[in-house]
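Remarks on the structure that follows.
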Amino acid sequence: MTVPVLRFAPSSNGPLHLGHAYSALLNFSMAQAEEGRFLLRIEDIDIARCSRYLEEGIYRDLSWLGIEWEEPVRRQSEHFDDYAEALQNLIDAEIVYPSFMTRGEVRAYISDCEAKGVPWPRDPEDAPLFPPVDRQRSTAERRRRMAEGEPFAWRIDMAAACSHAGRNLAWEESGSGSKGETGLVIAQPELWGDVVIARRDLPASYHLAVVVDDALQGITHVVRGRDLFQVTAVHRLLQELLGLPVPRYHHHALILDASGRKLSKSQGDTSIAALRAAGAEPRDIARMVGLGIP
Ligand code: GLU
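Next comes the structure, spelled out in C-alpha cells:
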C-alpha cells in the first residue's frame, strides 16, 4: 500500500491568517487519519516579496498550532534548477513562447478590440486572456528581440499544449469547486489562455513550480483552498506535458471575513500571531475555523 503524502505550501510573503491555519490543520489531520506523511513547502519564488523573517513566523505559528512536519523543508528559492529543467523541456517541445508585450501594450490592444465592438474573452478569474500577438511572431523576430536583451516572459501556447496533451484531462476531486464539482472533474485549461510559465527574471512561475515540486516530493494528495480549484486545470496540463504523476485533489472551503470576502495577508487582525498575542489558544483557532471538538 502506498503511504499518502500531503503538504502545506504557504508563500512566505505575509503572516499566516485563519485561512492558512484551516488549510494547515486540515492537511495535518488528514495525513494523520490516513497514517500518511505531512510535508511543509515554502513557496518563495517571488524573492522580492518573500522573506526569511516571514518564513520564521510561519514555523512559529505552525508549531504553536501543534503541527509537526518532516525536515528538511523544501524552499522553492533553492530549487530553480529543477524548474529550469522543466521549462527547457517545454521550450524544446515548442509549447512555450517568449512574450514581450508590456502590461500597457496588452491593455491598449484589448481596449482597441473592445472599441471595435469585439468582447474580449476572460479567464475564470475574470482577467482578460493574453492577446495572440506575441504567439504569432516569427522565430527570427523572437531571436532578435531576445538577443537584444528585451525583457520577456515564457507563456504557454495553450492551443498547441492542449493538442499535444490530448483532450481527456481530468482529476479526482474529493473536495469541491465553487459550483459543487466533485469526483472526476474534467480539466479545461483552455479557459486560461496563454498563461505565464516562467517570469522575466526567474525560470519559474507558481504553476510550473507547484507541479514540479508536488511530483519531486511524491505528493499523493493536494489539499488546498477552493480559490485554486479552477487553475488545477493548468496544473493537470503541465503534468501531462512533463510526464509527471497526478495527485488526487481536495479543494476546501475558504474562511471568509464578516463581509464574506476571502481573508488576505493585509488583514492583520486575523493573523495567527495577532490572535495569539491577544490571548487565543491553539484550540480557540481550531474552533474558529470549524475544526475544534464541540
Ligand atoms: N502557495 C500557495 C498559497 O499560499 C498555495 C499553493 C498550493 O497549495 O498549491 O496560496
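Each position in the sequence shown, counted from 1, maps to that position plus 336 in my numbering. Think of the CB as a built atom: it goes at the ideal place given N, C-alpha and C, for glycine as much as any other residue.
- Using a Cβ-Cβ distance cut-off of 8 Å, the segment 494 to 502 and the segment 373 to 384 are not in contact, since fewer than three pairs of beta carbons, one from each stretch, lie closer than that value.
- Scanning Ser365, Ala534, Val559 and Glu477 for the CA closest to the CA of tyrosine 419 turns up Ala534.
- For alanine 369, there are no CB contacts under 6 Å within the same chain when 5 residues up- and downstream are skipped.
- Taking every protein chain shown into account, the CB of alanine 497 has 16 or more other CB atoms within 10 angstroms, so this residue is buried.
- Here the segment 555 to 563 makes contact with the segment 356 to 363; the two share three or more CB pairs at distances below 8 Å.
- Only residues of its own chain outside the window of five on either side were considered, and among them Glu526, Gly529 and Asp530 have a CB closer than 6 Å to the CB of methionine 494, listed in chain order.
- If you look at glycine 519, you'll find it in the beta strand (DSSP E) that goes 519 to 522.
- At the C-beta level, tryptophan 490 and valine 548 stay beyond 7 Å of one another.
- If you look at arginine 396, you'll find it in the alpha helix (DSSP H) that goes 388 to 400.
- Judged by beta-carbon spacing, alanine 609 lies within the 7 Å limit of proline 351, meaning their Cβ atoms are closer than that value.
- For the ligand GLU, a non-hydrogen atom lies closer than 6 Å to the CB of alanine 345.
- Measuring C-alpha to C-alpha distances from alanine 483 to each of Phe436, Leu465 and Glu509 identifies Phe436 as the nearest.
- Scanning the segment 461 to 541 from its first residue to its last, the whole alpha helix (DSSP H) runs of 4-plus residues come out as 475 to 483 and 494 to 501.
- In this structure, DSSP gives glycine 440 a helical state, which the three-state scheme calls helix.
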